[in-house]
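When we follow my numbering, the leftmost residue of the sequence shown carries the number 96, and every step to the right adds one.
Ideal Cβ positions, reconstructed from N, Cα and C, are used throughout, including at glycine.
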Amino acid sequence: MSPAAAGVMGIVMLLVLLAMGMPVGAVMALVGFVGTIYIIGLDGALGIMGIIPYDAMWSYVLSCTPMFILMGAIILHSGIAKFIYAAAHKWLGHLPGGLGMATVAACGMFAAVSGSSLAAAATMGSVALPEMDRYNYKKSFSTGIVAAGGTIGIMIPPSIIFIIYAILTEESIGALFMAGLIPGILEVILYIGVIALIMKFKPHYATRAERVPFRDMITTIPSLWPVFLLFVIVLGGIYFGFFTPTEAGAIGAAGALIISVASRWFSPQKMLSALSDTVKTTGMIFFIVVGAMMYSYFLAVTQLPFAIAEYAAASTLPPYAVLVIVLFIYLILGCFLDALAMLMLTVPIFTPVLFALGFHPIWTGVIIVRVIEIALITPPLGMNVYVLKGVAKDVPMEQIFLGVMPFVVGDLILLAILVAFPQISLFLPSLMYNIGQ
């Protein structure tokens with residue numbers, strides 16, 4: 096069997112083992128190790144596989160991951176999400192579908208300090224769904240809003256998915272953070288537009304909330320400024336080159352703790368819960384990263400990604416046709432794999448192909464994350480939908496999936512816009528002083 100054929104066989108075995116329910120990190124490590132033995136022999140494989148875990152775990156770039164996770168965990172356990180939602184409620188609640196719009200806006204603000212889609216969906220579900228129930232929102236409509244709004248968490252920085260992509264492709268974390276900012280804001284605007292459009296044709300889906308006096312709207316600003324300030328310090332520091340993403344993660348975690356304690360939103364018990372969540376999530380991500388590095392090395396020695404890239408470059412297909420094929424594969428895989436597994440599995444295979452065709456690595460990362468966002472709400476897996484089902488136990492799963500469908504259409508429209516106009520993603524990174532950070 097040729098090395099390239101061994102690479103294909105390794106991918107097939109990986110998919111089979113994942114379908115059997117084995118842990119992603121263990122499967123990637125196993126396939127990578129066994130495949131490397133086949134290509135270079137046992138002694139060589141043992142030597143390489145002894146080095147990879149050490150290099151992965153001691154990566155300075157990867158060290159920013161637990162800090163950003165801790166920042167999000169502190170924000171999550173402090174209850175700040177309630178204040179964010181209350182503010183959005185007062186500003187937007189009186190509009191048709193206003194509570195849904197407020198939920199999307201709150202998801203965007205929460206994403207700016209959490210970086211997690213699942214956390215955004217779970218937190219906003221517990222905060223927003225009871226309020227939308229009070230105003231007679233149709234169940235499929237309200238749950239669809241929260242599930243879709245939660246996906247914003249991995250586009251607006253700081254995004255854990257962007258960090259993992261940067262590590263796998265050796266790209267700039269700071270540039271990726273900046274590249275996701277404008278698409279994330281556009282996503283919020285688009286979702287609000289989808290809600291407005293639904294309410295225009297289906298006004299019975301929801302009842303308007305009462306309009307509050309303007310002075311009451313203004314009173315919500317003091318509760319939001321600490322979160323806004325934290326976001327500006329973390330992202331602004333990266334953008335202007337004052338500190339690296341790793342330092343930004345530490346500053347963000349410290350800032351989140353200071354804000355929570357100073358605002359009396361925190362307690363020692365909540366701190367222990369935040370630390371526990373951080374350790375569990377970080378351990379899971381680090382284990383998957385080690386497995387992904389072993390799997391990537393195996394693919395590299397088979398030369399399969401480079402063979403695919405050469406074939407694509409030599410084919411008569413235009414580059415954008417190849418891109419459409421890759422995105423279609425992502426949409427299919429998204430029906431069966433979770434976001435992190437899909438990223439780890441596909442990036443070592445597809446990014447060499449897309450880079451060889453001349454697509455910008457930073458822009459490619461934004462497009463891949465955009466497709467992963469769609470995968471988070473599409474059946475049958477749709478992780479955000481399953482998380483939301485845990486919050487809205489009385490809503491059938493098919494109703495939640497039905498509710499997200501209009502937002503999936505909006506997602507596909509935004510994906511087409513980002514593909515057609517790469518500068519939407521690349522404008523801010525192109526202005527960075529420290530683009531190489």
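Selected residue, minimal CA-CA separation from Phe257, among Ile463, Ala301, Ile143 and Met227: Start at 1 with the first residue of the sequence shown, and residue 257 comes out as number 162. When each option's Cα is compared against that of Phe257, the closest is Ile463.
Taking DSSP as the reference, what is the three-state secondary structure of Leu113? As a working mapping, residue 113 is identified with position 18 in the sequence shown. The three-state reading of DSSP puts Leu113 in helix, counting H, G and I together.
State the start and end residues of the unbroken alpha helix (DSSP H) segment that holds Gly142. Here residue 142 refers to the residue found at position 47 of the sequence shown. Residues Leu137 to Met152.
Check this for me: beta carbons of His455 and Pro517, under 8 Å apart or not? Here residue 455 refers to the residue found at position 360 when the sequence shown is read from its first residue. Here residue 517 refers to the residue found at position 422 when the sequence shown is read from its first residue. Cβ atoms of His455 and Pro517: closer than 8 Å.
Status (buried if at least 16 other CB within 10 Å, exposed otherwise) for Lys488: Here residue 488 refers to the residue found at position 393 when the sequence shown is read from its first residue. Classification of Lys488: exposed, given that the 10 Å Cβ count is below 16.
Between Leu119 and Met439, how many whole angstroms is the CB-CB distance? I'm expecting something under 8 Å. On the sequence shown, residue 119 is found 24 positions in, with the first residue counted as 1. On the sequence shown, residue 439 is found 344 positions in, with the first residue counted as 1. The residue asked about is misnamed: residue 119 is Val in this sequence, not Leu. Between Met439 and Val119 the Cβ distance is about 7 Å, and since that is below 8 Å, they are a contact.
Do Ala351 and Met162 have their CB atoms nearer than 8 Å? As a first step, residue 351 is located in the sequence shown; it is residue number 256 there, counting from the start. As a first step, residue 162 is located in the sequence shown; it is residue number 67 there, counting from the start. Not in contact: Ala351 and Met162 (Cβ atoms no closer than 8 Å).
Pick from Pro252, Gly195, Ala206 and Ala408: whose alpha carbon is nearest that of Ala304? Locating residue 304 in the sequence shown gives position 209, counting from the first residue. Comparing Cα positions, the closest option is Gly195.
Using beta-carbon positions only, say whether Phe393 and Met152 come within less than 8 Å of one another. As a first step, residue 393 must be located in the sequence shown, where it is residue number 298. As a first step, residue 152 must be located in the sequence shown, where it is residue number 57. In this structure, Met152 does not lie closer than 8 Å to Phe393 by Cβ.
As an exercise, report each continuous beta strand (DSSP E) stretch of at least 3 residues that is fully enclosed by the region 338 to 378, in chain order. none
Would you kindly work out how many angstroms separate the C-alpha atoms of Ala343 and Ile164, rounded to a whole number? Locating residue 343 in the sequence shown gives position 248, counting from the first residue. Locating residue 164 in the sequence shown gives position 69, counting from the first residue. The straight-line gap from Cα to Cα measures roughly 12 Å.
So what's Cys159 in DSSP terms, helix, strand or just coil? Here residue 159 is taken as the residue at index 64 of the sequence shown, counted from 1. Looking at Cys159 - three-state DSSP - the assignment turns out to be helix.
If contact is defined by three or more beta carbon pairs under 8 Å, each pair taking one atom from either stretch, is the region 480 to 495 in contact with the region 441 to 448? The region 441 to 448, when compared against the region 480 to 495, does not touch it at the 8 Å Cβ threshold.
Which value, in whole angstroms, describes the spacing of the CA atoms of Pro474 and Pro298? Here residue 474 is taken as the residue at index 379 of the sequence shown, counted from 1. Here residue 298 is taken as the residue at index 203 of the sequence shown, counted from 1. The straight-line gap from Cα to Cα measures roughly 27 Å.
Kindly indicate which three-state DSSP category Val417 falls into: helix, strand or coil? Your numbering for residue 417 matches position 322 in the sequence shown. Val417 falls in the helix class under three-state DSSP.
Between the beta-carbon of Met227 and the beta-carbon of Tyr180, is there less than 8 Å? Numbered from its first residue, the sequence shown carries residue 227 at position 132. Numbered from its first residue, the sequence shown carries residue 180 at position 85. Cβ atoms of Met227 and Tyr180: not closer than 8 Å.
Length of the line joining the Cα atoms of Val307 and Leu497: For the purposes of this step, residue 307 is identified with residue 212 of the sequence shown, where counting begins at 1. For the purposes of this step, residue 497 is identified with residue 402 of the sequence shown, where counting begins at 1. Approximately 32 Å, taken between the alpha carbons.
Which residue marks the beginning of the alpha helix (DSSP H) containing Phe178, and which one marks its end? For the purposes of this step, residue 178 is taken as residue 83 along the sequence shown, with counting starting at 1. Run containing Phe178: Ile175 to Leu187, per the alpha helix (DSSP H) assignment.
Spatial distance of Asn479 from Asp138 (CA atoms): Sequence index remark: in the sequence shown, residue 479 carries index 384 (1-based). Sequence index remark: in the sequence shown, residue 138 carries index 43 (1-based). Looking at the two C-alpha atoms, the distance is approximately 43 Å.
Tell me the DSSP secondary structure of Ser410 in three-state form. For the purposes of this step, residue 410 is taken as residue 315 along the sequence shown, with counting starting at 1. In the displayed model, Ser410 falls within coil according to three-state DSSP, outside both helix and strand.
DSSP on Tyr230, reduced to helix/strand/coil? Position 135 of the sequence shown holds residue 230. Looking at Tyr230 - three-state DSSP - the assignment turns out to be coil, as it is neither helix nor strand.
For the putative contact between Ile106 and Gly192, defined by C-beta atoms under 8 Å, what is the C-beta separation to the nearest angstrom? Residue mapping note: residue 106 aligns to position 11 of the sequence shown, counting from 1. Residue mapping note: residue 192 aligns to position 97 of the sequence shown, counting from 1. With 8 Å as the limit, Ile106 and Gly192 do not qualify as a contact, their Cβ atoms being about 44 Å apart.
Which class does Met196 belong to by DSSP, given the choice of helix, strand or coil? Along the sequence shown, read from residue 1 onward, the residue named residue 196 stands at position 101. Met196 falls in the helix class under three-state DSSP.
Own chain residues within Cβ distance below 7 Å of Ser525, not counting five before or after: In the sequence shown, counting from the first residue as 1, residue 525 sits at position 430. Residues of the same chain with their beta carbon placed closer than 7 Å to that of Ser525 are lacking, with the five preceding and five following residues left out of the count.
Can you look up Gly429 in the DSSP assignment and give me helix, strand or coil? To locate residue 429, count along the sequence shown from 1; it is residue 334. In the displayed model, Gly429 falls within coil according to three-state DSSP, outside both helix and strand.
Per-residue DSSP class, three states only, for Tyr453: Translated into positions along the sequence shown, residue 453 becomes position 358. As written in the sequence, residue 453 is Gly, which differs from the Tyr given in the question. Coil at Gly453, not helix or strand.
7 Å Cβ shell around Ala270 - same chain, five flanking residues per side excluded: If you number the sequence shown from 1, residue 270 lands on position 175. Only Ile457, Pro524, Met527 and Ile530 meet the Cβ criterion.
Identify, in the order they occur along the chain, each residue of the same chain with its Cβ nearer than 6 Å to the Cβ of Leu285, setting aside the five sequence neighbours on each side. Position 190 of the sequence shown, counted from the first residue, corresponds to residue 285. The residues are Gly505 and Leu509.
I'd like to know if the region 202 to 211 and the region 311 to 324 are in contact, where contact means that at least 3 CB-CB pairs between them fall below 8 Å. yes
With 16 as the cutoff for other CB atoms within 10 Å, does Lys295 come out buried or exposed? Translated into the one-based positions of the sequence shown, residue 295 becomes position 200. It is exposed - the Cβ of Lys295 has fewer than 16 other Cβ atoms within 10 Å.
Closer than 8 Å by C-beta to Phe326: which residues in its own chain qualify, once you throw out the five before and the five after it? Chain order, please. Walking along the sequence shown from the start, residue 326 turns up at place 231. If we look at Phe326 and ignore the five residues flanking it on each side, its Cβ neighbours are Ala207 and Val208.
Under 6 Å Cβ to Cβ from Cys159, same chain only, skipping five residues before and after it: list those, please. Residue numbering aside, residue 159 sits at position 64 when the sequence shown is read from its first letter. Contacts found: Pro340, Thr341 and Gly344.
What is the C-beta distance between Ile472 and Ala242, in whole angstroms, given that I count them as a contact (C-beta under 8 Å)? Walking along the sequence shown from the start, residue 472 turns up at place 377. Walking along the sequence shown from the start, residue 242 turns up at place 147. So it is a contact: roughly 5 Å between Cβ atoms.
Would a C-beta distance cut-off of 8 Å place Ile169 and Ala291 closer than the cut-off? Taking the first residue of the sequence shown as position 1, residue 169 is located at position 74. Taking the first residue of the sequence shown as position 1, residue 291 is located at position 196. Not a contact, by the Cβ cut-off of 8 Å.
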